[in-house]
Structures are given as C-alpha cells and as structure tokens.
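Working notes for the structure below.
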Amino acid sequence: MAARAARFNQQVLIDTTPLPDSIPKVKEIGATSAPLLSAAFFIGARCKPYNDDYMMCKTEANGRGELECMKEGRRVTRCAASVIADVNTHCLSEFRKHWMCLENWNQQLWQCRRFERDLNKCVFENLKLEKVIPGAPADEIPVHLRKRQIYAHSYANM
Amino acid sequence: MGVPFEALLPYGIIVGLFTFTGVTLGKLRRMQNGGKTARHSIDQWDRQMMDRDRRITGYLRGQSDRPEAPPGFEVNSPWRLEKRFT
C-alpha cells in the first residue's frame, strides 16, 4: 500500500508469491476495460448491495480497507463475474459489437449508442437488468435514451 | 485557352506528398494500436485500466470478455520501484 504513486520509476518488481491459503480463493475477473465499461451498468443493477457494502467497509476502515474488506471484495468479484458470464451466454454478439465499437471510439459511451440500444434490449429481455444512471435528474430524459447525441462524431452510430 | 495543366503539376506533387505522409502516419498509428483508433485524453484511471489490459491479454489494446482471468493474473501485478536519493 504505497502512500503515493511512484515517480521516476525505472524498475518494476513482480512478486509471484500467491496469497496464503487462509484467504479463500476467488477467480479474478478476466474482462478487460472495454467489456467492463459496456457491462458496467448491468453489474451495478445486479450487484448494488454488495458494491455498497464494500464501499462502506472501505470508507469506515480508515486506510486499512485493503486488508479488512477482503470478504466484501470477494462478494463483489463473484457477483460481477456472474453478470459477465450471463451476458456472455445470452447476448454475446450484441455485447461484442458494443465493446468493439467502444474500443474504436476512445471508450466514449456517447459514440456508440446504436449498439448500446441493442445490448440493453437483449439484456433486459433475457436477464431482466436495466441500465439506470444514478443521480440523473428525474425530469429529463436520461442521456442514453435520447434520440440525438449532440457530441457524437458519426451519425451512423447515434 | 484553358488552364495549362503543367502549371498545376507542382501543386499536385505537393498535395500528393502531404497525402502520402498523412495516410502513412495514420496507418502506422493504427498498426501500433492493434487495428483500432488511438486512445486520447487518457487520465490515470485509463492508464491503470490499460495496464490491467496488458496484464490480462499481453497487449496494451488487447481486450477479452472472459468472466475469469487467465491463471497468472493474480500474481503478475507490478510493484513500481523508485531509486533512493541519498
């Protein structure tokens, strides 16, 4: 747990000792940045209680959260992995199209609303998970449901 | 008489050379980014996620959507070392 980010670092040390056996093992999530961004709101929809638990544990731990909140962290990992596994089984092609589009557009969600609409529809029908933007004002249409994306570069993907 | 084409040839050469440079540099940047457009305006979060991508797939812009990480992922996180200033 470094107190600050490393500056001018020239060397990197990779310590391959695994965690001790007293800590229960959980498989880490293998999804990289674009698929995770694509599935993020669905992970939030299904895993909200576990995520809130973990965040509260980390806030209350006052700096020792990495050591003390491992149980909540395992729950978060398992829930997120279950969401990704479900999306893979039911909506793989829409999921892949969406995150490949995101990769081409600097991972900006507003450039790829066309594929996002297909993905949202498929996930809602199969997994009953709906994308909700927390903290959005209730009297306006949420950004992902608007017909025109004012910052999108390409009209084809709007 | 119309415009003599010989007068426009130098302009054609200039435009052609600029186009060649532009297209070549664009293709090189695409090749460096695994066939995709380059990322821009990356902040520390994006850098950290791209580092994680490299740990999972081996390429900075490689992506995978498996729910489980490949076997070495739990132990290959780097500790960045600094030299001491004495």
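Those sequence lines, one after another, are chains W and Y. Reminder that position 87 of the first sequence reads as 87 in UniProt numbering, one-by-one numbering, no gaps. Reminder that position 10 of the second sequence reads as 10 in UniProt numbering, one-by-one numbering, no gaps. Backbone N, C-alpha and C fix where the C-beta goes; we use that ideal spot for every residue, glycine too.
Of the residues assessed, Y/L28 falls on the exposed side of the cut-off, its CB having fewer than 16 other CB atoms within 10 angstroms. Rounded to the nearest whole angstrom, the CA to CA distance from W/L37 to Y/L60 is 16 Å. Note on W/H153: under 16 other CB atoms within 10 angstroms of its CB, so exposed under the neighbour-count rule. The straight-line gap separating the alpha-carbon atoms of Y/D53 and W/S33 is approximately 7 Å. For W/T16, the chain Y residues whose C-beta falls within less than 9 Å of its own C-beta are G72, V75, N76, listed in chain order. Look at the beta carbons and you see the region 99 to 111 of chain W not touching the region 75 to 88 of chain W: under three pairs across the two are nearer than 8 Å. Distance between W/V143 and W/Q11, taken at the CA atoms: about 44 Å. Shown here is that no member of the region 140 to 153 of chain W has a Cβ falling below 8 Å from a Cβ of chain Y. Taken through DSSP and simplified to helix, strand or coil, W/A85 comes out as helix.
Shown here, Y/V23 sits in a helix according to DSSP, grouped into three states.
In the pairwise beta carbon analysis, the region 63 to 80 of chain Y is classified as touching the region 15 to 35 of chain W: at least three pairs are separated by under 8 Å. Of all residues in the region 47 to 59 of chain Y, the ones placed with a Cβ closer than 8 Å to any Cβ belonging to chain W are M49, M50, R52, D53, I56, T57, in chain order. In this structure, DSSP gives W/A136 a state outside helix and strand, which the three-state scheme calls coil. Taken through DSSP and simplified to helix, strand or coil, Y/Q32 comes out as helix. With respect to the 7 Å criterion, W/K71 and W/G65 are not classified as neighbours on the basis of their beta carbons.
At a cut-off of 7 Å, the C-beta of W/A31 has a neighbouring C-beta in chain Y. Listed in chain order, the non-local C-beta contacts of W/E94 below 6 Å within the same chain comprise D118, L119, C122, local neighbours out to five positions each way being set aside. Y/W45: not part of any beta strand (DSSP E); member of the alpha helix (DSSP H) spanning 44 to 57, first to last residue.
DSSP places W/L145 within a helical segment (H, G or I) once states are collapsed to three. For Y/T37, the neighbours in chain W by C-beta distance under 8 Å run, in chain order, N104, W105, N106. Proximity of chain Y to W/N51 at the Cβ level (cut-off 9 Å) is not reached, the minimal Cβ distance being about 17 Å.
Ranked by Cα distance from Y/M49, the options W/P20, W/H90, W/E103 are led by W/E103.
Residues of chain W whose Cβ lies closer than 7 Å to the Cβ of Y/R66 are, in chain order, G30, A31.
Residue-level contact check: W/P35 touches chain Y, since one or more beta carbons of chain Y fall below 7 Å from its beta carbon. Only residues of its own chain outside the window of five on either side were considered, and among them R55 have a CB closer than 6 Å to the CB of Y/N76, listed in chain order. Within 9 Å of the CB of W/L13, the CB atoms of chain Y belong to P78, W79, R80, L81, in sequence order along the chain.
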